[in-house]
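Following: one structure in structure tokens, then a few remarks.
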Amino acid sequence: MLRRTLVLLVGAMIAMLCASARPMAAGMDGVIMQGGKMMMMKAGKAMDPMTAGVTMSNGAVVTPDGAVKEPGGRATHLKDGQMMMMDGTIMDGGKPKAMMKPRGMNTGE
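Right, dumping it as structure tokens:
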């Protein structure tokens, strides 16, 4: 009886871990500079080329050529391999750039 309960408990924990991983992938939406072209990114995968500018939730605007105009007026340009998440965080090599890191985000640096 104890063994059966333990197996059910472990199974439930594994199911919860798998279910909680799905929303993380959904949060990996944005745009990425790939091979010199801006691509729309869904669930962490490059999908289609950008055809129009995209406004992120923080007000940053990314154009199909990779130019970024931040809400404060600062302009930058995404380099190959850089991505901008829908919240406006610029990721470089899978880690947030120091200047764009959202408050409270621990990147292990």
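Under my numbering, the first residue of the sequence shown is numbered 1162, with each subsequent residue one higher. Glycine included, every Cβ here is placed at the ideal spot set by N, Cα and C. Bear in mind that the values here come from a model prediction, so they are computed numbers and not experimental data.
Worksheet item: Over what stretch of residues does the beta strand (DSSP E) that includes methionine 1201 continue unbroken?
Response: Segment 1198 to 1203, the beta strand (DSSP E) holding methionine 1201.
Fill in: Residue interval of the beta strand (DSSP E) (run including glycine 1191)
Note, glycine 1191: beta strand (DSSP E), 1191 to 1195.
Practice prompt. For glycine 1220, I'd like the list of residues in its chain whose CB is within less than 6 angstroms of its CB, leaving aside the five on either flank, ordered along the chain.
Written response: Answer for glycine 1220: Pro1232, listed in chain order.
Practice prompt. Output the boundary residues of the beta strand (DSSP E) element that contains lysine 1206.
Written response: Segment 1206 to 1210, the beta strand (DSSP E) holding lysine 1206.
Worksheet item: From valine 1192 to arginine 1164, what distance separates their C-alpha atoms?
Response: Cα to Cα, the separation comes out at about 48 angstroms.
Item to complete: Could you name the residues that DSSP lists as bridge partners for methionine 1246?
Response: Methionine 1246 is bridged to Gly1191.
Worksheet item: Residues in its own chain within less than 6 angstroms of aspartate 1253 by CB, not counting five upstream and five downstream?
Response: Short of 6 angstroms from the beta carbon of aspartate 1253, and not among the five residues preceding or following it, lie these beta carbons of its own chain, in chain order: Gln1243.
Worksheet entry | Rounded straight-line distance, which links the Cα of methionine 1162 to that of methionine 1201 | Rounded to the nearest whole angstrom, the C-alpha separation of methionine 1201 and methionine 1162 is 52 angstroms.
Discussion item. Looking at glycine 1227: is its Cβ nearer than 9 angstroms to the Cβ of lysine 1206?
Written reply: It is not a contact, given that the beta carbons lie outside the stated cut-off.
Worksheet item: By how many angstroms is the C-alpha of glycine 1234 removed from the C-alpha of threonine 1212?
Response: So the two alpha carbons sit approximately 23 angstroms from each other.
Discussion item. If you measure between the beta carbons of proline 1225 and methionine 1199, is that distance less than 9 angstroms?
Written reply: Going by C-beta atoms, proline 1225 is nearer than 9 angstroms to methionine 1199.
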